[in-house]
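Participant: Take this structure, written in structure tokens, and hold onto it; I'll ask about it next.
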Amino acid sequence: MHRDEVTEIFQQQAASYDSQWAKTAPIRHCLHLLLDSQFAELPADARILCVGVGTGTEMAHLAAQNPGWHFTAVEPSAAMLEVCRQRAEREGFAARCTFHAGYLESLPATDAHDAATCLLVSQFILEPQARSAFFAEIAERLKPGGLLASSDLAADISSAEYDVLLGAWVNMMTAADLSAEAIERMRKAYANDVGVLSPERTAAIITAGGFALPVQFFQAGLIHAWLSRRV
Ligand SMILES: C[S@@+](CC[C@H](N)C(=O)[O-])C[C@H]1O[C@@H](n2cnc3c(N)ncnc32)[C@H](O)[C@@H]1O
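Using the numbering used here, the letters of the sequence shown map in sequence onto residues -9 to 221.
As structure tokens, then:
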């Protein structure tokens, strides 16, 4: 899928996105808890780049924990970013945010960031070299040694283990009240439109984008997260 088609899908989902995923909040909460521990060394006035920020759940969590941090929110879907902006205003941290409706390449020059988040985004780039180039664009916006916390769906989809994980994943979605239509859409998307690669290949793609030692610090079902450091 072309990236603008991906953006269009999120445009359509923006209004219902948070309610659609409400019942999977425990996964996000655990990821965010561990993210705090990975970002614990950052300075009190850190600048954080949130790529593919969506409706802003990770940014809102980090903003609540770290009142001195400033955020650059990058999101190509204007509708998703609007939900994010409203959340930031409601929760009182909008003044610490710069919102960019667009891709990273069109983000105006800024001071380098101390760290970046990129949660459930790079999986939409199917071609491995383009995916590494995307991580390289993030690296360019970080200070040397800057941290990247990234998550993606990951599995060896040719393995028997994947069938087990996918079955459980779909069961969880069913229990989470996702509509049958939404689950079917997801199954097809995982097969055709999402770059679900093994954890090892995903880590190699991050490394090729200019990051050292991607350490997997989280897994819940198909979601894996890594912490890496700009070379
Ligand atoms: C699955 S959502 C995740 C949102 C948020 N990070 C979260 O974890 O809740 C993926 C988001 O990435 C955005 N996105 C997709 N491709 C992107 C790209 N190439 N650059 C930046 N954002 C992108 C989508 O518009 C969407 O809002």
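We treat Cβ as the ideally placed atom computed from N, Cα and C, and that holds for glycine. Remember, predicted model here, so these are calculated numbers, not experimental data.
Is Pro66 a contact residue of ligand 1, with contact defined as CB to any heavy atom under 6 angstroms?
Facilitator: yes
Participant: So what does DSSP say about Asp26, is it helix, strand or coil?
Facilitator: helix
Participant: Name the two residues that bound the continuous beta strand (DSSP E) containing Glu190.
Facilitator: Taken as a continuous stretch (DSSP letters only), Glu190 belongs to no beta strand (DSSP E), being part of the alpha helix (DSSP H) at Pro189 to Ala198.
Participant: Hey, would you say Leu109 sits closer than 7 angstroms to Ser141, going by beta carbons?
Facilitator: yes
Participant: Give me whichever residues DSSP pairs with Thr107 in a beta bridge.
Facilitator: Cys40 and Ala139
Participant: Reducing DSSP to helix, strand and coil, say where Leu71 ends up.
Facilitator: Three-state DSSP puts Leu71 in a helix.
Participant: Any heavy atom of ligand 1 inside 6 angstroms of the beta-carbon of Val184?
Facilitator: no
Participant: Using only the heavy atoms of ligand 1, determine whether one of them is closer than 6 angstroms to the beta carbon of Val154.
Facilitator: With a threshold of 6 angstroms, the Cβ atom of Val154 does not count as near ligand 1, since no heavy atom of the ligand is closer than that.
Participant: Contact between the region 95 to 115 and the region 125 to 139 is defined here as three or more beta-carbon pairs at a separation below 8 angstroms; is this criterion met?
Facilitator: yes
Participant: Tell me whether the beta-carbon of Phe114 lies closer than 7 angstroms to the beta-carbon of Val(-4).
Facilitator: In this structure, Val(-4) lies closer than 7 angstroms to Phe114 by Cβ.
Participant: Going by beta-carbon coordinates alone, are Leu218 and Pro204 separated by less than 7 angstroms?
Facilitator: Inspection of the sequence shows that residue 218 is occupied by Ser rather than by Leu. Contact: yes.
Participant: Skipping 5 residues on each side, what residues in its chain have a beta carbon closer than 8 angstroms to that of Ala5?
Facilitator: Ala69 and Val73
Participant: Is Met(-9) near ligand 1, going by C-beta to nearest heavy atom under 6 angstroms?
Facilitator: no
Participant: Check Thr47 in the structure and name its three-state DSSP category.
Facilitator: Here DSSP, grouped into helix, strand and coil, assigns Thr47 to helix.
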